[in-house]
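Asks: One structure, pasted below without further comment.
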Amino acid sequence: MQQEFSCPSDAKRQLDKVAKKLKYIQIIESQMLATQKHATSGWPKAQ
1319 MQQEFSCPSD AKRQLDKVAK KLKYIQIIES QMLATQKHAT SGWPKAQ
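Under my numbering, residues 1319 to 1365 are what the sequence shown spells out, in order.
In structure tokens form, the structure reads like this:
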């Protein structure tokens, strides 16, 4: 599952919520990766 969150605590909260719903699957290890996003899409504006 790949989702984007604004902070690590939001991601952890969502992971805990999903883990509670799983009946036969146990989450043993999870990984969070920080990604850099540009403010706008497309080419940078000329200065």
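Beta carbons are placed, not taken as given, at the ideal position from N, Cα and C, and that holds for glycine.
Computed from a predicted model, the values in this text were never measured in an experiment.
(1) Express the C-alpha separation of residue 1329 and residue 1349 in angstroms, rounding to a whole number.
(2) Between the C-alpha atoms of residue 1336 and residue 1325, what's the straight-line distance to the nearest angstrom?
(3) If you drop the 5 nearest sequence neighbours on each side, which residues of the same chain put their C-beta closer than 8 Å to that of residue 1333?
Replies: Per the coordinate set shown:
(1) Cα-Cα distance, rounded: 10 Å.
(2) About 17 Å.
(3) Excluding positions up to five away in sequence, the list reads 1345, 1348.
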